[in-house]
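Under the numbering used here, the residue at position 28 of the sequence shown is numbered 28, and the numbers go up by one with no gaps. Using N, Cα and C, we set each Cβ at its ideal position, and we do this for glycine too. Here the structure is laid out as structure tokens; the discussion comes afterwards.
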Amino acid sequence: MGLSISSSLIDAHLSPVLGHLPAEIMLGVATLVFLALSAGFIKYRNPGFHSDDMPAWGMVSMGILALGSAYSLILDTWLIHTVCWAVGTVLSLMTCIKYLKYLFFNHPTDPAFALGLPLVAPMVSATSSAQLATQVGEWSSLVHGVGVFCFVVALVTGMPIFTFIYRRTFPKVPINFAATAWIPMGLVGQSTAAAQLLASDQWHFRAMVYGVAMLSLGVPLSVYAIAKHWGAALGNTPMSYNPSWWASTFPVGTCCLGTHTLSTQPAALAWGLGWMDTVSAALLVLLLLHVTWAAFGAIKTASEHFKVSQMSHA
1 MGLSISSSLI DAHLSPVLGH LPAEIMLGVA TLVFLALSAG FIKYRNPGFH
51 SDDMPAWGMV SMGILALGSA YSLILDTWLI HTVCWAVGTV LSLMTCIKYL
101 KYLFFNHPTD PAFALGLPLV APMVSATSSA QLATQVGEWS SLVHGVGVFC
151 FVVALVTGMP IFTFIYRRTF PKVPINFAAT AWIPMGLVGQ STAAAQLLAS
201 DQWHFRAMVY GVAMLSLGVP LSVYAIAKHW GAALGNTPMS YNPSWWASTF
251 PVGTCCLGTH TLSTQPAALA WGLGWMDTVS AALLVLLLLH VTWAAFGAIK
301 TASEHFKVSQ MSHA
């Protein structure tokens with residue numbers, strides 16, 4: 001997810017100066033990671049498709065959707081976007097509905113931000129749908145309708161769950177999972193982008209107001225995430241690497257996308273909000289910092305495991 005959205009945002013911000021090559025390189029890395037993870041799943045069949053596995057599958061669906069959007073933006077490859085949209089949308093709705101049923105009947109006793117991942121996934125589909133609707137001719141209304149439906153599903157399920165999680169976890173987040181404090185920002189940024197792209201002419205002003213309201217809400221939430229994430233990463237207690245480190249990437253990317261998309265809309269420009277693209281550029285810097293940090297942790301851990309393996313076979 002983080003690598004795919006990074007490639008899209010690198011292209012959006014840097015292609016006028018550096019061309020498409022940096023974005024294409026990042027997209028290539030994202031594709032290789034996707035293929036490697038797919039091969040790993042085929043071999044090990046992990047995770048399963050049980051209810052408590054849905055956060056992982058929510059990430060899978062968002063990763064597929066983000067990869068498709070990156071291909072259409074950077075390489076204008078709408079066939080890949082369409083395939084990723086179809087697979088990602090079905091998977092996102094399946095994981096969301098299945099996990100809602102699980103939450104309703106099981107009432108998890110240890111709420112964590114990762115609980116919201118399956119509920120954010122349809123919002124990524126909403127953005128992907130809005131992008132695709134401009135390319136499919138007579139199917140445009142259907143694809144747009146799917147996007148609106150996914151937007152509503154994600155918003156009405158995600159907001160209450162994240163509110164509940166904040167109330168139960170504030171101000172404590174386990175050190176090793178401190179990066180997950182960014183996850184709610186995914187709903188903030190992605191819904192801002194989706195609202196702008198889904199809005200018809202008569203809804204542009206309302207979409208702008210919604211985006212400004214959501215991003216304003218995101219300011220204190222992002223301060224909280226920064227304090228928890230970097231407070232743990234730079235603190236005296238070691239923060240052991242685990243895959244949750246990557247939770248600090250995609251949500252920042254969605255906020256970068258949301259501010260960029262909002263800043264380019266006619267209603268926002270009329271109200272003098274073009275400066276928000278500068279905020280988006282700053283968020284891109286933060287996103288790349290988080291990607292570098294998570295990648296360094298992954299590479300370092302893999303290297304250490306490899307050395308231990310070599311020593312055990314010596």
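Looking only at its own chain, which residues have a Cβ that is under 6 Å from the Cβ of residue i, when we skip the five neighbours before and after it?
{"i": "A56", "result": "P47"}
{"i": "V153", "result": "P122"}
{"i": "W246", "result": "G2, A294"}
{"i": "D53", "result": "P47"}
{"i": "F151", "result": "A126, A194"}
{"i": "T254", "result": "G186, G189, Q190"}
{"i": "Y102", "result": "S51"}
{"i": "A23", "result": "S7, I10, D11, I74"}
{"i": "A225", "result": "A181, W182"}
{"i": "A233", "result": "M239"}
{"i": "S140", "result": "A133"}
Round the Cβ separation of residue i and residue j to the nearest angstrom and send it over; I've been treating them as touching at under 8 Å.
{"i": "F250", "j": "M1", "result": "4 Å"}
{"i": "A178", "j": "M239", "result": "7 Å"}
{"i": "H13", "j": "L284", "result": "5 Å"}
{"i": "M62", "j": "V124", "result": "5 Å"}
{"i": "P118", "j": "G58", "result": "4 Å"}
{"i": "L75", "j": "L287", "result": "That belief does not hold up - the Cβ atoms of L75 and L287 are roughly 21 Å apart, past 8 Å."}
{"i": "G116", "j": "I161", "result": "5 Å"}
{"i": "V60", "j": "L91", "result": "7 Å"}
{"i": "P184", "j": "L221", "result": "6 Å"}
{"i": "L217", "j": "G258", "result": "Their Cβ separation, rounded to whole angstroms, is 12 Å, which puts L217 and G258 out of contact at 8 Å."}
Residues in its own chain within less than 8 Å of residue i by CB, not counting five upstream and five downstream?
{"i": "F205", "result": "A267"}
{"i": "G68", "result": "I80, H81, T82, V83, C84, W85, G88, S128"}
{"i": "N242", "result": "N176, F177"}
{"i": "V291", "result": "G2, L3, S6, T249"}
{"i": "A130", "result": "H144, G147, A194, L197, L198"}
{"i": "L155", "result": "M123, L187, S191"}
{"i": "G231", "result": "A178"}
On the CB-based measure, 16 or more other CB atoms within 10 Å of its CB, does residue i come out buried or exposed?
{"i": "K228", "result": "buried"}
{"i": "H260", "result": "buried"}
{"i": "A39", "result": "exposed"}
{"i": "Y71", "result": "buried"}
{"i": "G28", "result": "exposed"}
{"i": "I299", "result": "exposed"}
{"i": "M311", "result": "exposed"}
{"i": "G272", "result": "exposed"}
{"i": "L132", "result": "buried"}
{"i": "A345", "result": "Since the first residue shown for the chain is 1 and the last is 314, residue 345 is missing from the structure and cannot be characterised."}
{"i": "G297", "result": "buried"}
{"i": "I165", "result": "buried"}
{"i": "S280", "result": "buried"}
{"i": "L37", "result": "exposed"}
{"i": "A30", "result": "buried"}
{"i": "S244", "result": "buried"}
{"i": "F170", "result": "exposed"}
{"i": "L269", "result": "exposed"}
Among residues of its own chain, excluding the 5 on either side of residue i, which ones have a beta-carbon nearer than 7 Å to its beta-carbon?
{"i": "Q196", "result": "A207, G211, T261, L262, Q265"}
{"i": "L73", "result": "S8, D11"}
{"i": "T320", "result": "The structure shown does not extend to residue 320, since the chain is modelled only from 1 to 314, so the question has no answer here."}
{"i": "T301", "result": "Y241"}
{"i": "A213", "result": "none"}
{"i": "V33", "result": "L3"}
Exercise. At 4 residues or longer, and completely inside the segment 131–210: list those alpha helix (DSSP H) runs for me, N to C.
Key: 140–169, 183–198
Quiz item: Where in the segment 245–269 do unbroken runs of the alpha helix (DSSP H), each at least 4 residues long, occur, reported from the N-terminal end onward?
Solution: 250–263
Self-check item: Contained beta strand (DSSP E) runs [length at least 3] in the segment 3–47, N- to C-terminal order
Solution: none
Practice problem: Just list the alpha helix (DSSP H) runs in the segment 44–132, keeping only unbroken ones of 4 residues or longer that don't cross its boundaries, in chain order. | Solution: Considered as a whole, the segment 44–132 harbours 54–75, 78–106 as its complete alpha helix (DSSP H) runs of no fewer than 4 residues, in chain order.
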